[in-house]
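Here the structure is laid out as structure tokens; the discussion comes afterwards.
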Amino acid sequence: MTNPILNTDSYKASHYLQYPQGTQQVFSYVEARGGPYPEALFFGLQAILKTEFANPVTSADIEEARDLLPAHGLPFHEAGWQLLLDRHDGRLPLDIRAQPEGTVAPIHVPMMTVVNTDPDFFWLTSYVETALLRVWYPITVATISHGVRRIIRDALVKTADDPDGELPFKLHDFGARGVSSAQSAALGGLAHLVNFQGTDTLAAILAARKFYHEPMAGFSIPAAEHSTITSWERPNEQAAYANMVQQFGKPGGLYAVVSDSYDLYHAVDHIWGEALRQKVIDSGATLVVRPDSGDPVEVVSKTLHLLANRFGTDTNTKGFRVLKNVRVIQGDGVNPVSIAAILDRITAEGFSASNLAFGMGGALLQKCDRDTLQFAYKASAAKVNGVWRDVYKDPVTDTGKRSKRGLLGLTTDLKTTAVRDSDWQPVDGGENLLHPVWRNGELLRDEPLSAIRARAAAGD
């Protein structure tokens with residue numbers, strides 16, 4: 109989508125004719141209205157502004173929209189878009205304010221506000237909803253990832269000697285192949301990297317470089333897939349594993365081998381635990397065994413017990429067992445619920461969370477939608493003939509869809525507040541935490557991922 113005029117829902121092309129006579133400004137806000145998390149991690153607006161809003165409207169865009177929209181059944185506001193080109197060089201006369209990216213704030217408070225700065229473009233505030241509200245996706249992925257971070261962190265604090273050092277690599281993004289588009293992989297994968305540093309989604313690494321000034325946002329390791337093991341044929345399973353040790357078993361190294369192609373427990377107990385045990389130990393590297401089928405809770409528990417029996421364990425300062433020379437990564441059936449269940453099981457059995465990492469794919473990047481956190485973009489005020497009026501909905505059929513009223517901001521203690529229309533600061537004093545990020549075609553806030561990560565970590 110390269111034409112900003114067409115980056116909207118069809119029906120919005122008719123909305124310039126629907127506002128009251130004398131409308132000068134429309135003020136809208138974005139909020140999450142519910143879902144499984146009491147808080148949401150705000151992220152991704154900077155990338156959306158750079159990709160969806162940076163390019164001004166051109167004469168070619170106007171011509172394309174003129175040809176398409178009437179044929180599609182809608183009026184085309186050609187005079188309005190031409191005025192945008194003539195008066196503003198095609199740049200959108202909007203004031204967009206938002207929570208600093210990385211903020212972890214309660215749901216039901218404004219995340220972002222939008223208002224037009226030129227009264228002739230009162231219709232533009234809602235016109236851009238389609239593009240702006242797509243921020244629901246990186247926010248939702250970041251929130252899911254952050255929720256898992258809290259689960260894993262709690263287990264590490266209880267059972268590991270270095271929880272802060274281990275945490276960044278405990279949830280690995282396996283989701284690139286499971287999303288609907290390369291753009292989703294980039295933006296969703298990047299949202300995960302706000303909380304962790306493990307990823308196999310290369311698109312997210314590129315997005316971090318392009319949009320958030322981060323030269324290397326995440327890391328991976330050499331790892332086997334089933335085809336690289338099964339191509340050796342079943343009688344040669346041991347040779348396939350031995351090849352992995354030879355290729356990647358370097359001192360201080362880390363490599364993962366999927367081990368359930370045939371019989372996971374035989375592979376762990378006899379191939380890794382007997383035939384190749386000394387090679388693994390002598391290599392000086394850490395082998396990461398990956399189960400990939402069965403009940404995750406049972407499989408991880410049994411795998412840890414088998415590895416402990418063959419490779420031995422140390423007892424850390426918190427009294428939990430840590431495997432020698434080997435670790436486990438679980439990438440099948442992984443979601444927030446199963447992660448919590450697996451960690452509860454293994455720690456109850458005396459194993460440290462240090463022994464285990466998780467790979468999360470579709471449940472991280474794709475198993476969510478706009479209703480996961482019940483996102484909404486709603487007008488809350490309009491200036492008509494010089495006077496601001498409240499704009500809201502209050503459907504008797506669903507009180508959960510009741511919208512906010514008036515000019516809105518967010519206090520520094522994360523509460524909704526009324527703001528002045530002159531400077532958008534709280535009427536009762538203090539600072540509006542919704543900082544200006546875009547005004548009249550100019551990006552005003554361009555933060556590095558490092559600052560966003562620090563802010564999100566502070567929200568733990």
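The letter at position 95 of the sequence shown is residue 203 when you use my numbering, and the numbering goes up by one with no holes.
For glycine and all other residues, C-beta sits at the position ideal for the given N, C-alpha and C.
No experiment lies behind these values; they were computed from the predicted model shown.
If you reduce the DSSP assignment to three classes, tell me which class residue 515 lands in. Taking the sequence shown and counting its residues from 1, the one referred to as residue 515 is at position 407. Three-state DSSP puts residue 515 in coil, outside helix and strand.
Look up residue 233 in the DSSP assignment and give the residues it is bridged to. In the sequence shown, counting from the first residue as 1, residue 233 sits at position 125. According to DSSP, which records beta bridges pairwise, residue 233 is partnered with nothing at all.
Can you tell me whether residue 180 is buried or exposed? The criterion is at least 16 other CB atoms within 10 Å of its CB, across all chains shown. Within the sequence shown, residue 180 is the residue found at index 72, counting from 1. Per the 10 Å Cβ criterion, exposed.
Is it true that the CB of residue 239 sits closer than 9 Å to the CB of residue 112? Counted from its first residue, the sequence shown places residue 112 at position 4. Counted from its first residue, the sequence shown places residue 239 at position 131. In contact: residue 112 and residue 239 (Cβ atoms closer than 9 Å).
Does the region 535-554 come within contact of the region 194-213, defined as at least 3 CB pairs closer than 8 Å? Yes, the region 535-554 is in contact with the region 194-213.
Among 491, 286 and 254, whose alpha-carbon lies nearest the alpha-carbon of residue 276? Mapped onto the sequence shown, residue 276 falls at position 168. Cα-wise, what sits closest to residue 276 is 254.
Put residue 415 into one of helix, strand or coil per three-state DSSP. Counting from one through the sequence shown, the residue named residue 415 turns up at place 307. DSSP places residue 415 in helix when its eight states are reduced to three.
Among the residues of its own chain, which have a CB less than 7 Å from the CB of residue 148, if the five just before and after it don't count? Position 40 of the sequence shown, counted from the first residue, corresponds to residue 148. Cβ within range, chain order: 140, 213, 215, 247, 251 and 481.
Going by the DSSP bridge assignment, what does residue 446 pair with across the sheet? Taking the sequence shown and counting its residues from 1, the one referred to as residue 446 is at position 338. When beta bridges are read from the DSSP output, residue 446 appears opposite no residue.
Write down the C-beta distance between residue 414 and residue 421 rounded to the nearest angstrom, noting that I regard them as a contact closer than 8 Å. The residue given as residue 414 occupies position 306 in the sequence shown. The residue given as residue 421 occupies position 313 in the sequence shown. Going by Cβ atoms, the distance from residue 414 to residue 421 rounds to 12 Å, so no, they are not a contact pair.
Classify residue 331 as helix, strand or coil using the three-state DSSP reduction. The residue given as residue 331 occupies position 223 in the sequence shown. In this structure, residue 331 counts as strand in the three-state DSSP scheme.
Own chain residues within Cβ distance below 8 Å of residue 581, not counting five before or after: Residue numbering for the chain in the displayed model covers 109 to 568; residue 581 lies beyond these limits and cannot be assessed.
Opposing strand residues paired with residue 224 [DSSP bridges]: Taking the first residue of the sequence shown as 1, we reach residue 224 at position 116. Note: residue 224 sits in a beta bridge opposite 202.
Leaving aside the five residues before and after residue 610 along the sequence, list all residues of the same chain whose C-beta is less than 8 Å from its C-beta, in chain order. Given a span of 109 to 568 for the chain in the structure shown, any question on residue 610 remains unanswerable.
For residue 298 and residue 211, I'd like the C-alpha separation in whole angstroms. As a position in the sequence shown, residue 298 is number 190, starting the count at 1. As a position in the sequence shown, residue 211 is number 103, starting the count at 1. Rounded to whole angstroms, residue 298 and residue 211 show a C-alpha spacing of 16 Å.
Could you tell me the boundaries of the alpha helix (DSSP H) in which residue 520 lies? Position 412 of the sequence shown, counting from 1, holds the residue named residue 520. Careful: residue 520 lies outside any alpha helix (DSSP H) and carries neither H nor E.
Which of helix, strand or coil does DSSP assign to residue 571? For residue 571 there is no data in the structure shown, the boundaries of the chain being 109 and 568.
According to DSSP, simplified to helix, strand and coil, what is residue 178? Walking along the sequence shown from the start, residue 178 turns up at place 70. Note: residue 178 maps to helix in three-state DSSP.
Applying the criterion that 16 or more other CB atoms from any shown protein chain within 10 Å of the CB defines a buried residue, is residue 171 buried or exposed? Position 63 of the sequence shown holds residue 171. Exposed, since its Cβ has fewer than 16 Cβ neighbours within 10 Å.
Tell me the residue span of the beta strand (DSSP E) that contains residue 488. Within the sequence shown, the letter at position 380 stands for residue 488. Run containing residue 488: 483-492, per the beta strand (DSSP E) assignment.
Give the range of the beta strand (DSSP E) segment to which residue 435 is assigned. Against the sequence shown, residue 435 aligns to sequence position 327. For residue 435, the enclosing beta strand (DSSP E) stretches over residues 434-438.
Could you give the DSSP three-state label for residue 251: helix, strand or coil? To locate residue 251, count along the sequence shown from 1; it is residue 143. Here DSSP, grouped into helix, strand and coil, assigns residue 251 to helix.
Can at least three beta-carbon pairs, one atom from the region 314-324 and one from the region 347-362, be found at a separation below 8 Å? no
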